[in-house]
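In full-length UniProt numbering, the protein residues as written are 1 to 928.
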């Protein structure tokens, strides 16, 4: 009776609106800060709760997510960060006693039944949560509106198929906060609450995706659950649950824990569906004639149902770790146990985890961590900017493309500092990175496996790995197959294909001889630390005979120098040379096809010479004939591989082209890395001062030749620089193995032609060093990604080409009279107006400027660029932009690319004219 009286008293108090907040229906009465042991907790029936709140009984039940969370999380182990709220055992905020004001709540309008009803409380009375953001009370009410669903895993097997019980799951872990097999099974069987390590993992992921460390936006929930290892976390399933869970666009930490708790039911339901699907597929594998499936086969096939690709090596280790040594992974219980084992190590082998730990430990520790959310990760933390470097060291440079995508996913909001990283989260990132590569290779494998027998031939393998960056020639393919002990007529499965991909990456696709030769070149240019400045790469490639432009080399370097430290080690150099060779092979293939050099085609010396010339490989006919003989296979002496009447295979043409390329460096060094036509143009300019054909000119005539270079060689200091540069040019010519007769003695008043060529090269080199130094300095200051810099480069180049065309049109009277030019015609005019070097006599100054011309754009080009984004600059904005352009373009010559990047950085940082919002709208419009 006493209990009933208390309930009725509370009910009357609610209805009267008196002391409503003083009635706590789920907590024991408090007296003097202590509980009365003689009083039992007051509980209301669903009917009473309904009468009090005006809600349906099931809507008044609180979600027990925080109930699961809080008791399992001691305050000493994982307190919430400052600014976060605490909840009681029901997931509700702490009760706050309020004085009774004696005011009754207004009655709601009477309904059809003539009975007054009070509207249910939403916590938003008198305010707009959409504008001000939800309060803690509003978030609690939002969570309570939807009952949490529970799902019981069904892993029972028919009595006839029952075997002995599985061994007890282990409690060993990889490291702190990693789950054990027993703890990982809680996700499938346990409803009593999250364990402290699980909560720390949830808190770590929350901290990774939370904006300002406070809330996680709903659009990031999918990535957060993937980070936590939920297999059923698709964008659709996450979005559906998010809509059912909360009406707000962001989730605070308690909301996030509640959401993860609710998703456990989705995970269980999804896993049960996959188990049923797997059992249906297993019936077919038991049919007569089907190959017997091993435990690893079963586990691999089951994981593929989740879109997870794994190798047999990792599966076998997981099976042992999960305590399934003698099991066939053929029952539901065994497969669920396998999932738990998989999660404990993120699917990695012990060797992989050791390598990951070494890569992680090589990074410097972040000692400036104060957030308790980060400290929940336990152990050493590395700075966010170290994550990508560590992942590259763990995996390889060939994962850089996927790594950029992953780091974009994990990147914080604009202007926020990224969170530090512990070893558990690092291994999670490594798992996601490896999975991206597995999926890419699997798609290529399935495309190559036309007969769907899960096997590919060696020829199919060769085609399969081309999109992965390896267009292997015959010698390279044979060397890798020999190392893997795979016959050329063998059929190989996915695991062997992946091993082959790993071998290609380890060797960069090169044979041992190629790698040694390339490493030798690198050692000539690197310093004592084994590093080479990126500035030296261009010189090294020229030394090796490559004719790539400075812009092309910069693009290659940016693909390799992922961390942007401005230096390159031997591994990065070999990766760069693989990229260079892939470009060469594309060029070789084009020349081979256009020259019709197929095995049934024509391979006479003239045709081959023409094809090599198309690849920018220029030698004399006599030199080519000698090189063809030298290129005959060593294992086939006497066989004329290059028979004019026998045609030529692409591998043989490639081998000859590489032979010519290795021969050319001596010639290119003698030509100071200029092309043959450039040297010919310089020769015509030199002969204007050598009418008697003496083979040399005087210093006075040399000074006349270089008068239009734009350098002051007539002052005392300028004259000293001239003679010093001329002697350096003679030394460079001598180092290129040019005869002493063609070089001349140091300080001699007679100037021969070859030192003039090297003199111009020295001046061009000085200019290139200045350009590179300026660009590297700007790259250290800006905060754009490599992809963004490449995109800006393309945009800048388009603007610069437009400017050049306009200038060419203005200087050509015919073009001015007729403005209806196509882009191609206008380009031709521009080329004819500047490129008068070949076949005509030009000055050394014109030749020099053709190599040192820097692309520039005007301030008006920047304004024009902004117009498609919907910019309409106000007068103050125009004045501000003009002022900023003048600060960057101090000499008024126009913006070069580094200056353009400075302007772009300023616009983004200051959000000039709302550029961020307008760009987002433009991107969205383009996508639609």
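Glycine residues also receive a C-beta, built at the ideal position from the N, C-alpha and C atoms. Bear in mind the structure is a predicted one, so any value in this text is a computation, not a measurement.
Cβ contact annotation for residue 185 (same chain, cutoff 8 angstroms, sequence separation greater than five): 169, 336, 337 and 340, in chain order. For residue 655, the enclosing alpha helix (DSSP H) has its first and last residue at 650-670. 261 is the residue among 869, 154, 249 and 261 whose C-alpha sits nearest the C-alpha of residue 195.
The beta carbon of residue 250 lies closer than 6 angstroms to those of 215 and 217 in the same chain, with the five residues before and after it left out. Counting of Cβ neighbours within 10 angstroms places residue 263 among the buried residues, the total reaching 16 or more. When DSSP states are grouped into helix, strand and coil, residue 216 belongs to the strand group.
Unbroken alpha helix (DSSP H) stretches of 4 residues or longer found wholly inside the region 725-790: 740-743 and 753-781, given in chain order.
A distance of 8 angstroms or more separates the beta carbons of residue 390 and residue 208. A contact is defined here as three or more CB-CB pairs under 8 angstroms, and the region 780-794 fails this definition with respect to the region 754-762. In this structure, the straight-line span from the alpha carbon of residue 732 to that of residue 711 is close to 21 angstroms. The Cβ-Cβ distance between residue 870 and residue 918 falls below 8 angstroms. A distance below 6 angstroms between beta-carbons, with the five flanking residues on each side excluded, links residue 845 to the following residues of its chain, in chain order: 708 and 709. Taking a contact as a CB-CB distance under 8 angstroms, the pair residue 442 and residue 475 does not count as one, their CB atoms being some 28 angstroms apart. Annotation for residue 884: 903 and 906 place their beta carbon closer than 8 angstroms to its own, counting only its chain and skipping 5 residues before and after. Rounded to whole angstroms, the gap between the alpha carbons of residue 587 and residue 615 is 6 angstroms. The continuous stretches of beta strand (DSSP E) do not include residue 408, which lies in the alpha helix (DSSP H) extending over residues 400-410. A buried status is given to residue 685, since no fewer than 16 other beta-carbon atoms sit within 10 Å of its beta-carbon.
Taking the Cβ atoms as the reference, residue 387 lies roughly 18 angstroms from residue 174, outside the contact range of under 8 angstroms. Contact check between the region 548-563 and the region 688-701: fewer than three CB pairs, one atom from each, fall below 8 angstroms, which does not count as touching. Contact check between the region 318-338 and the region 351-367: fewer than three CB pairs, one atom from each, fall below 8 angstroms, which does not count as touching. For residue 507, the enclosing alpha helix (DSSP H) stretches over residues 494-507.
In the structure shown, residue 526 adopts coil according to DSSP, grouped into three states. Judged by DSSP in its simplified three-state form, residue 609 adopts helix. Residue 765 sits away from residue 495, with the two beta carbons spaced by 8 angstroms or more. Boundaries around residue 697 are those of the beta strand (DSSP E), 696-698, since no alpha helix (DSSP H) includes it. Each residue's CA atom was taken as its position, placing residue 306 and residue 146 some 28 angstroms apart. For residue 856, there is no enclosing alpha helix (DSSP H), since its DSSP letter is neither H nor E. Membership of residue 354 in the alpha helix (DSSP H) is indicated by the continuous run 350-361.
Relative to the Cα of residue 850, the nearest Cα in the group 881, 784 and 763 belongs to 763. Residue 507 counts as buried, since at least 16 other C-beta atoms from the protein chains shown sit within 10 angstroms of its C-beta. Pairing residue 699 with residue 681, the inter-Cα distance amounts to about 20 angstroms. When C-beta atoms of the region 568-586 are compared with those of the region 787-803, fewer than three pairs fall below 8 angstroms, so the two segments do not count as touching. Contact annotation, residue 448 with residue 458: C-beta distance approximately 11 angstroms; criterion of less than 8 angstroms not satisfied. In the displayed model, residue 310 falls within coil according to three-state DSSP, outside both helix and strand.
Taking C-beta separations shorter than 8 angstroms and ignoring five residues to either side along the sequence, the partners of residue 714 in its chain run 703, following chain order. The three-state reading of DSSP puts residue 465 in coil, since its state is none of H, G, I, E or B.
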